[in-house]
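Colleague: As you go down the protein sequences, you meet chains G and C in turn.
Taking the working numbering, the leading residue of the first sequence gets 496, the next gets one more, and so forth.
Taking the working numbering, the leading residue of the second sequence gets 151, the next gets one more, and so forth.
Note that CB positions come from ideal geometry on N, CA and C, so glycine has one too.
These numbers come from a predicted model, not from an experiment.
Below you will find the structure I want to go over with you.
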Amino acid sequence: MSHLITADLAVRFTPQARIIAAILAVAFMAMILELIRQHKLQERYSVIWFIAGIGMLVGAAFPGILELLARVMGVRDVGIALFSIVLLVLLALALSFSVIISRQAEQITRLAQEDAIQRARVDAEADALRRDDEIGSNGDAAEGALEPEEERLEG
Amino acid sequence: MKTLVFIPALNEEASIAGVIADVRAHLPQADLLVVDDGSTDQTTRNARSLGVPVALLPFNQGVGAAHQTGFLYALRGGYEICGQLDGDGQHPAAELARLVSEVEKGRADIVVGSRFHDPGVDGSEFRSTFSRRIGQRVFRRMVNASTRQSFTDTTSGMRALNRRAMTLFSERYSPEFAEVESLQRAIRQGLKIEELQVQMLPRTGGESFLTPMRSLYYIFKTMIVLLVGHLRPKNPETH
């Protein structure tokens with residue numbers, strides 16, 4: 496049984512495939528570094544991608560680990576085990592993005608609210624000042640300032 | 151008591167002036183605030199021209215975010231009571247004045263205006279869409295099961311609150327359609343809520359934002375929220 500799996504592995508992961516996987520992993524991590532350098536990716540969100548890249552590299556260097564994982568998972572086909580793991584990791588990443596988006600949406604909402612409250616305060620202070628002016632100038636106020644009072648009487 | 155009445159509004163240029171005049175007539179002691187949830191029309195300009203301060207959200211954030219803006223403004227301004235009514239003219243200020251006076255008397259932390267509270271009032275003049283009626287029934291069942299209190303109008307946006315309720319809602323409040331879950335949360339946090347039968351009117355302008363598809367989304371989302379809300383721990387010691 497075990498020599499069967501080994502034979503299977505040899506078929507699936509030829510040296511050529513392993514070299515390509517390793518090159519891709521290195522290129523992937525180089526791309527992440529470049530994104531950070533260009534300030535397009537924040538360091539705190541890059542960690543998870545480096546872990547993914549290192550995982551790829553390890554898988555390419557030691558395909559025996561994949562075999563072990565497949566056996567632990569109870570999956571006979573190492574290829575299916577690999578795809579399952581990758582799929583689960585991507586699912587977890589997508590979910591973590593949803594969490595991050597939710598947190599940022601909350602922060603944006605609060606920022607918008609703070610801004611709106613500040614503007615309303617400015618409005619309220621301007622209105623209070625205008626009213627003081629009306630009283631101070633003994634009813635000789637500008638037409639614009641009188642408007643709200645007139646509206647109030649209509650209501 | 152120092153009272154703020156705030157009016158959440160989204161594209162209500164046609165009705166906002168009438169609502170402001172109505173509030174000034176029936177709640178002359180109260181300060182006014184319009185919370186404009188990113189309108190693309192003249193809502194803000196119309197309100198400002200009447201000397202009403204406007205909290206203008208720079209982009210549309212959802213009804214709940216607009217309500218929360220009102221609560222935050224009231225808290226920071228030191229208001230003891232705040233009342234809220236919709237900017238579309240469906241909520242008569244005379245009715246809100248009754249809710250405010252109930253809170254002033256300390257009858258409850260929150261008093262909600264209900265269209266269907268008294269038996270015999272069928273509220274049939276509120277021609278709702280099918281999905282909306284279903285939604286209202288589902289929400290009522292769920293909120294009542296969760297709070298063990300019988301609410302009749304869980305989606306009402308005509309309410310009066312004291313500082314305790316404002317504080318709770320300013321901390322956390324659903325940014326979207328928030329009325330339903332806010333009832334559940336307030337009750338579970340030990341607040342006292344009462345309903346009062348009120349008259350509401352047909353819309354005087356603008357357009358309801360609840361299309362059938364949105365209603366379905368709203369129902370589904372609110373069901374999830376109520377379920378999660380029920381699983382959260384109660385906090386009666388804050389009473």
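Give the DSSP-derived three-state secondary structure of Pro558/G in the structure shown.
Modeller: helix
Colleague: Residues in its own chain within less than 7 Å of Thr388/C by CB, not counting five upstream and five downstream?
Modeller: Note that Thr388/C scores 48 on pLDDT, short of 50, meaning its location in the model is unreliable and no value can be drawn from it.
Colleague: Could you name the residues of chain G that Val226/C contacts, counting a contact when the two beta carbons are closer than 9 Å?
Modeller: The question names Val, but residue 226/C is Arg in the sequence shown. Chain G residues near Arg226/C: Ile612, Arg616.
Colleague: Helix, strand or coil: which one does DSSP assign to Asn312/C?
Modeller: strand
Colleague: Rounded to whole angstroms, what's the CA-CA distance from Gln234/C to Gln211/C? Just pull it up for me.
Modeller: 18 Å
Colleague: Based on Cα-Cα distance, which residue from Gly285/C, Val184/C, Ala310/C lies nearest to Thr395/C?
Modeller: Only positions 151 to 389 of chain C appear in the structure, and residue 395/C is not among them; the question remains open.
Colleague: Using 8 Å as the threshold, is the C-beta distance between Glu230/C and Leu346/C below it?
Modeller: The criterion of a C-beta distance shorter than 8 Å is not satisfied by Glu230/C and Leu346/C.
Colleague: On the three-state DSSP scale, how would you describe Glu644/G?
Modeller: Confidence at Glu644/G is low in this model, with a pLDDT of 40, below 50, so the placement of that residue is unreliable and no value is reported for it.
Colleague: Along the segment 507-521 of chain G, where does the CB come closer than 7 Å to a CB of chain C? Name the residues.
Modeller: Residues: none.
Colleague: What residue does the beta strand (DSSP E) around Gln234/C start on, and which one ends it?
Modeller: 231-234
Colleague: Any beta carbon from chain G within less than 8 Å of Thr193/C's own beta carbon?
Modeller: no
Colleague: Let me know if Ile560/G comes out buried or exposed under the rule of 16 or more other beta-carbons within 10 Å of its beta-carbon.
Modeller: exposed
Colleague: Please list, in chain order, the residues of the segment 204-221 of chain C that have any C-beta partner in chain G closer than 7 Å.
Modeller: Listed in sequence order: Val204, Ala205, Leu206, Leu207, Pro208, Phe209, Gln211, Ala215, Gln218, Thr219.
Colleague: Quick one: is Gln608/G near chain C, going by C-beta distance under 8 Å?
Modeller: yes
Colleague: Kindly indicate which residue of Ile170/C, Met316/C, Arg313/C, Tyr323/C has the alpha-carbon position closest to the one of Asp238/C.
Modeller: Closest by alpha carbon: Ile170/C.
Colleague: Does the beta carbon of Asp627/G come closer than 8 Å to any beta carbon on chain C?
Modeller: no
Colleague: For Leu606/G, tell me which candidate among Leu160/C, Leu207/C, Ile337/C has the shortest Cα-Cα distance.
Modeller: Leu207/C
Colleague: How would you call Glu562/G, buried or exposed, if buried means at least 16 neighbouring beta carbons within 10 angstroms?
Modeller: With a threshold of 16 other beta carbon atoms within 10 Å, Glu562/G meets it and is buried.
Colleague: Taking the alpha carbon of Pro242/C as the reference point, which residue from Ala258/C, Ser296/C, Ser264/C has its own alpha carbon closest?
Modeller: Ser264/C
Colleague: Grab me the residues of Met568/G's own chain with a C-beta within less than 6 Å of its C-beta, minus the 5 sequence neighbours each way, in chain order.
Modeller: By the criterion of a C-beta distance shorter than 6 Å, Met568/G is surrounded in its chain by Ala576, once the five residues flanking it on both sides are discounted.
Colleague: By the 10 Å Cβ neighbour count, where 16 or more other Cβ atoms means buried, how is Glu644/G classified, buried or exposed?
Modeller: Bear in mind that a pLDDT of 40 at Glu644/G, under 50, signals an unreliable position, so the model cannot answer this.
Colleague: For Gly201/C, decide whether its Cβ has a neighbour in chain G, counting only Cβ atoms nearer than 8 Å.
Modeller: Closer than 8 Å: yes.
Colleague: Residues of chain C with a CB under 7 Å from the CB of Ala619/G: which are they?
Modeller: Per Cβ cutoff of 7 Å: Pro203.
Colleague: Could you spell out where the beta strand (DSSP E) holding Gly263/C opens and where it closes?
Modeller: 260-264
Colleague: Residues of chain C with a CB under 7 Å from the CB of Asp622/G: which are they?
Modeller: By Cβ distance, chain C contributes Gly201, Pro203.
Colleague: Please classify Leu351/C as buried or exposed, where buried requires at least 16 other C-beta atoms within 10 Å of its C-beta.
Modeller: exposed
Colleague: Check for me: the alpha helix (DSSP H) holding Asp628/G runs from which residue to which?
Modeller: Note, Asp628/G: alpha helix (DSSP H), 573-631.
Colleague: Within 10 angstroms of the Cβ of Gly631/G, are there 16 or more other Cβ atoms? Answer buried if so, exposed if not.
Modeller: exposed
Colleague: With a 10 Å radius around its C-beta and 16 neighbouring C-beta atoms as the bar for buried, classify Val594/G as buried or exposed.
Modeller: exposed
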